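K.L.:
With full-length UniProt numbering applied, the sequence shown covers 1 to 1032. Even for Gly, the Cβ is constructed at its ideal location relative to N, Cα and C. The model shown is predicted, which means the values in this text are computed figures rather than measured ones.
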Amino acid sequence: MSKRGKIFSVACNDFVTYNEVMFFPGEYLNIVIGPNGTGKSTLVSAIVIGMGGKPELLSRSSDLTDWIKHGCEEAFIEIHVYENDEGDSFIAFQRMFNRNGLDEYKIDDKRYSRKQFLLKVKEYNIQVDNLCQFLPQDRVQDFAKMNPQEMLLNTQMSVCSPEVQEHFQTLCDLRESQLKEGKEASTRQKELEDLIARNEALRPHIENMRVRDDMIKDLEIGKKKLAWLDYEKWNKQLVEHTNDLNQAQMKLNIADKKLEPVRKQAEIIMNTKKKMETKIATDSEKGQKFIKELNKQHDQLDRLSQEMISARAQLRQAIQNARARKNDIDQAKKILIALKQDLAESASRQQSVEEIQAKINALTAKFHEYSEKKVKLGQQRGDLQDQLRNIRHNMESVKSRIANMENREKQKMQALNNKDDNAARAAKWLENNRHIFRGHVYNPIALEINLLDQKYAKFIETCVGMRDLVAFGFEDPEDLELFLHETRQNQKLQVNAFHAESNDQVTYQPTHSIDQMRKFGFKQYLIDIIQGPAPILNYLCKLYRIHETPICEDKTGTMIDQLPREIRLFFTDTQRFVINISRYTGAVSSMATRLQPKNLLNCGVDPEIIMSQQNKLQELTRESDHKRNALGQIDDSIKQLEDQISNVNLEKRAITNSGNELKNFAEKVKRQEQKIKELQNNVIDIDSERAKFKNRAKQIIENIIRVHEQINNKIKLYADSCFSVDTERQKLQIFLNNNSEIDRQIHILHEEVTRARRLVTTIEQHVANSRAEQKKREKEALSLTNNKNPKDKNFPFKEQFKKFPNEYDQLNTNLTELQARIDLIGTQNKNVVEEYEQRAHKIKEVESKIRNSKNRDQEVQNKIDDLHSKWYPEITRVVKVINDNFSHFMSSMGLAGEVEMSRKGPHDYLEYGITIRVKYRASEQMAILDRTYQSGGERAVAIAVYTLSLQHISHVPFRCVDEINQGMDPKNERKIFEMLVNETCKIGNSQYFFITPKLLPNLHYNELMNVFIVHNGKFIDDPYVFVKKSLA
């Protein structure tokens, strides 16, 4: 074997026990020996970690910083490896790490990432994680723990070429892919069979749909032809109306010709008639003008009469005012006399200034005394009001707490929200959308049921599963499907629901009444402690048998053998008992578990807490009443003081006013004299007012006489106008009588023309309507037949139209019958048709996938067969060589052993493995190497022999085993060592590291082996002492 990949040197700085060390192993067997704790295994650890291995591979510490020497901040490892087969060049793998988390990789002083570093190590086929190549001291036992598959994988990595390993990995991947493809193919086959069966079930319905579709197509063609027949009907009607119009036009022309000879004579008569009528109208207008003028003059007379009435009223008012003014003067004089008397009396009662001031001072002292008392009472009142406000605030707070505690529904919803957010959100959605459901809908069971006492919550929560406690109930199954579709699919909520059969009462009754069960200590059934809708309770009875589940005292647990057979579950205050009866022996057994409440139903409040809050509210109410009574007494006292203060102010005001009384009376006498003087200056002269009235009345009477004269003149003119109008009307009547025959003839001819013209207009309207309907029908028909006319040569429906009659009524009847047949088949369910077509498309897809899967499976099988023919012979050869070596080595030690390939099937590559069988005593059978069967020493022998069996066929550059000889008896240890020397000290073999704390004396030696004795510890003053001695 070449030197490439073998270790030339290992250097460490501040690594575990070493400050600094350099290790130069030999090309073949390297025995490293030294006492425990000197650092032998540290060299092995340095190789593992220096080659990029993880600390976990050493099974000592997974923290890289634990491998830094105590007291140091960083560690450095450098390993030189032969770079080529000749061994004339080296490559340096370097790794540095510190306590701050830095982990640096270099190759020949050039920095690399960890991934790049490990790829470079792999190029030299160095596998520090392969127990067949690298077996540290702390992982010797892991070798025995490897299963056959792991043994095969590690052996291949150790002794087989990369090509063989790649073949095996590809075979595993292909086989796994093939198995996965096979499972998918089986699933697809089942899916295909299911799809075909479901479509076959729908085939009769689809056939009906196809027949119905053909009928619908015929109906559509028939409607197209019916549209053209309708067009032809309107076209025929248009021709008929056009002919009628021509005939009516001829009649109108004949009537016009008859009217023409008498039309000029009629014009002369009409002109004369118009002149006479104009003269009558003119005279009538004059008469109306005279009427309007007469109305205006009558209005003027009314105004003059009103002026006379107003003048008389003003005279009467002036006389009344003069009399009232005289009365006012007399009254004012009487008041003046009374004021003068009061003035004289006041002057006689006037007191001295000193007396008045003394009374005012006494009253002021009383005012201050009462005011101070009022201020003190006001302060007391303010304090009481503050206390009363605090009491009221406390009362409101207590009331709020009581209301919250009594609001059971709100607490239940909060508990549900805490336990199952999805159920709570669904309940809120349901509350806003109940109107979309047909039947009755129930909230989660936890919200619908009520317990007679909260202490019973633990029984229901233990008996009924949480899944059902948060489940919704529906009396209508379609409502259940609608709810689950909305919540699970649309809102993505994980909710549960069940069908609750509609019922007005609970239909389940216990087999034994509670009175019959009291002798066993039972107090009541679970059905007796809860209340709720009958459908919910029936559901719980059916599912959890709550009508047969009693609650009892603790002593009942000792009477299980005597209980009725129907009782399979019961509760005590602290435990849940489940009773089992053997169907073979009839023996009764029970199992008791402690109750574990879920805190979903016990959301109520302890009644004692509510009672204490109510008592507190009563105390606050009494205290509030006491404070209000005290406040009322203070208010009464304040009111009494305010009255006293008001009386004092009144007395002061009276005394103060008495000093001003004389002055006030004198001022009043003066003002009254001035008032009398003003009244006397404004006296009205009655004679003067009467003279004014006579002058004004004379002027009004003169105007009335003048207006009457004008009215008489207008009446005469109006009479003349009326006479003229009557005369002209008589003349017009005579003229009309003389020409009445001519007028009658003209009128008859004119009526004839009018009727003819009216007929023409009517028929023209019919023609227009028919033409519009014809155009409309033609447009509709064209839209149905791709804008093609049946008369066109390339009309697309010419052949289809031949199937239908050419009569409109007959075709319409046929189409009605066809529509009835379509309706009889039923409405087409588009969802079913779409489902059938989608499933048919899916069938084709699945069939295609199955074909592709079979093709891929065949391709994979061809690849497997090709790779198997390359891999299997080689691995069989390798295992045979290993088995020959292993058997030879074991027999040379007086033992027996074999290595064999294990498998389940020829292509089950994930089950391929290597099994090691050993026998250490003649009386034993060959047994698989196992950590639970053989002793530690026996396992060590087998492991050492197996690693030696790999040595001369190895593709790895070096192997390492650490203290594998520990636990061996001296005989086996000596034989193992001899075999180790013989196998590893052959030219071309791999480099080998054998780490041990001790060796037997007089062992075999070979010139190609190197022995390294590790001297380390606190008693060595100079780490280079042995180097210096060797150089001396």
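Assess contact between the segment 241–260 and the segment 817–825, defined as three or more Cβ pairs (one per stretch) separated by less than 8 Å. Is contact present?
P.N.:
These segments do not touch.
K.L.:
List the DSSP bridge partners of glutamine 249.
P.N.:
Bridge partners of glutamine 249: none, in fact.
K.L.:
Go ahead and label threonine 984 buried or exposed: buried means 16 or more other beta carbons lie within 10 angstroms of its beta carbon, across all protein chains shown.
P.N.:
Buried, since its Cβ has 16 or more Cβ neighbours within 10 Å.
K.L.:
Which residues mark the beginning and the end of the alpha helix (DSSP H) in which glutamine 516 is found?
P.N.:
Run containing glutamine 516: 514–517, per the alpha helix (DSSP H) assignment.
K.L.:
Roughly how many angstroms lie between the CA atoms of glutamate 709 and histidine 298, to the nearest whole one?
P.N.:
Each residue's alpha carbon lies about 12 Å from the other.
K.L.:
Ordered along the chain, which non-local residues of its own chain (more than five positions away) have a Cβ less than 7 Å from that of leucine 999?
P.N.:
Cβ within range, chain order: Ile33.
K.L.:
What is the rounded straight-line gap between the Cα of arginine 696 and the Cα of glutamate 678?
P.N.:
Those two C-alpha atoms are separated by around 31 Å.
K.L.:
Can we say the segment 105–118 touches the segment 21–39, given the rule of at least three CB pairs closer than 8 Å?
P.N.:
No, they do not touch.
K.L.:
Report, in whole angstroms, the separation of the C-beta atoms of alanine 332 and isoleucine 676, which I expect to be a contact under 8 Å.
P.N.:
Indeed they touch by this definition, with Cβ atoms about 5 Å apart.
K.L.:
Cα separation between isoleucine 196 and arginine 488?
P.N.:
Straight-line Cα distance between these residues: approximately 29 Å.
K.L.:
From histidine 205 to tyrosine 836, what distance separates their C-alpha atoms?
P.N.:
Spanning the two alpha carbons is a distance of roughly 10 Å.
K.L.:
So, glutamate 74 versus methionine 96, is the Cβ gap smaller than 8 Å?
P.N.:
Closer than 8 Å, so yes.
K.L.:
To which residues of the same chain is lysine 419 closer than 6 Å at the C-beta, ignoring the five residues directly before and after it?
P.N.:
Taken in chain order, the residues that qualify are Leu600.
K.L.:
Helix, strand or coil for residue 1069 per DSSP?
P.N.:
Nothing about residue 1069 can be read from this structure; the chain reaches only from 1 to 1032.
K.L.:
I need the straight-line Cα distance from arginine 729 to cysteine 722, nearest angstrom please.
P.N.:
Between arginine 729 and cysteine 722, the C-alpha separation is close to 11 Å.
K.L.:
From isoleucine 269 to leucine 245, what distance separates their C-alpha atoms?
P.N.:
In a straight line, the C-alpha of isoleucine 269 is about 35 Å away from that of leucine 245.
K.L.:
By the three-class DSSP mapping on this structure, what secondary structure does glutamine 491 have?
P.N.:
Coil at glutamine 491, not helix or strand.
K.L.:
Going by beta carbon distance, what residues of the same chain come within less than 8 Å of aspartate 635, once the five residues before and after it are set aside?
P.N.:
Only Arg381 meet the Cβ criterion.
K.L.:
Please tell me whether valine 128 and methionine 22 are closer than 8 Å, where the distance is taken between their beta carbons.
P.N.:
Cβ distance not < 8 Å, so valine 128 and methionine 22 don't count as in contact.
K.L.:
Buried or exposed, going by whether 16 or more other CB atoms sit within 10 Å of the CB of phenylalanine 24?
P.N.:
Per the 10 Å Cβ criterion, exposed.
K.L.:
Compare the Cα-Cα distances from histidine 241 to each of Lys542, Val760 and Lys399 and report the closest residue.
P.N.:
Comparing Cα positions, the closest option is Val760.
K.L.:
CA-CA distance, lysine 251 and lysine 223?
P.N.:
Computed Cα separation, rounded: 42 Å.
K.L.:
Compare the C-alpha of serine 869 against each of Ser990, His167, Met209 and Lys120 and name the closest.
P.N.:
Checking every option, the nearest Cα to that of serine 869 belongs to His167.
K.L.:
Would you kindly report the start and end of the unbroken beta strand (DSSP E) that includes residue 1033?
P.N.:
The structure shown does not extend to residue 1033, since the chain is modelled only from 1 to 1032, so the question has no answer here.
K.L.:
Give me the residue from Gln414, Lys692 and Lys399 with the minimum Cα distance to arginine 316.
P.N.:
Nearest of Gln414, Lys692 and Lys399 to arginine 316, Cα basis: Lys692.
K.L.:
For the alpha helix (DSSP H) holding methionine 979, just list the boundary residues, first then last.
P.N.:
From DSSP, the alpha helix (DSSP H) with methionine 979 extends over 970–984.
K.L.:
Within this structure, are the beta carbons of lysine 40 and isoleucine 995 separated by less than 8 Å?
P.N.:
Cβ atoms of lysine 40 and isoleucine 995: closer than 8 Å.
K.L.:
Spatial neighbours of asparagine 450 within its chain, please: CB distance less than 8 Å, with the 5 preceding and 5 following residues excluded, ordered by chain position.
P.N.:
Taken in chain order, the residues that qualify are Arg408, Ile530, Gln531 and Gly532.
K.L.:
Glutamine 524 and isoleucine 551 look like a contact to me (Cβ under 8 Å); what is the Cβ gap, rounded to whole Å?
P.N.:
Indeed, because the Cβ distance is near 6 Å, the residues count as touching under 8 Å.
K.L.:
Could you tell me which residues DSSP pairs with arginine 95 in its beta bridges?
P.N.:
Bridge partners of arginine 95: Ile77 and Tyr105.
K.L.:
Taking only the alpha-carbon atoms, compute the straight-line gap between alanine 266 and alanine 255 and give it to the nearest angstrom.
P.N.:
Cα to Cα, the separation comes out at about 16 Å.
K.L.:
Going by C-alpha to C-alpha distance, which of Glu232, Lys289, Val860 and Thr727 sits closest to leucine 717?
P.N.:
Among Glu232, Lys289, Val860 and Thr727, the Cα nearest to that of leucine 717 is on Lys289.
K.L.:
Go through its chain and collect everything with a Cβ distance to serine 887's Cβ below 7 Å, but skip five positions before and after it.
P.N.:
Closer than 7 Å at Cβ, skipping near neighbours: Gly897 and Glu898.
K.L.:
With arginine 622 and leucine 388 assumed to form a contact (beta carbons below 8 Å), what rounded beta-carbon distance in angstroms separates them?
P.N.:
Actually they do not touch by this definition, with Cβ atoms about 13 Å apart.
K.L.:
Of all the options Ala322, Tyr508, Asp66 and Leu430, which has the alpha carbon lying nearest to the alpha carbon of isoleucine 49?
P.N.:
Selected option, being the one with the closest Cα: Asp66.
K.L.:
Could you check the C-alpha separation between aspartate 85 and glutamine 925 for me, to the nearest Å?
P.N.:
For aspartate 85 and glutamine 925, the distance between alpha carbons rounds to 46 Å.
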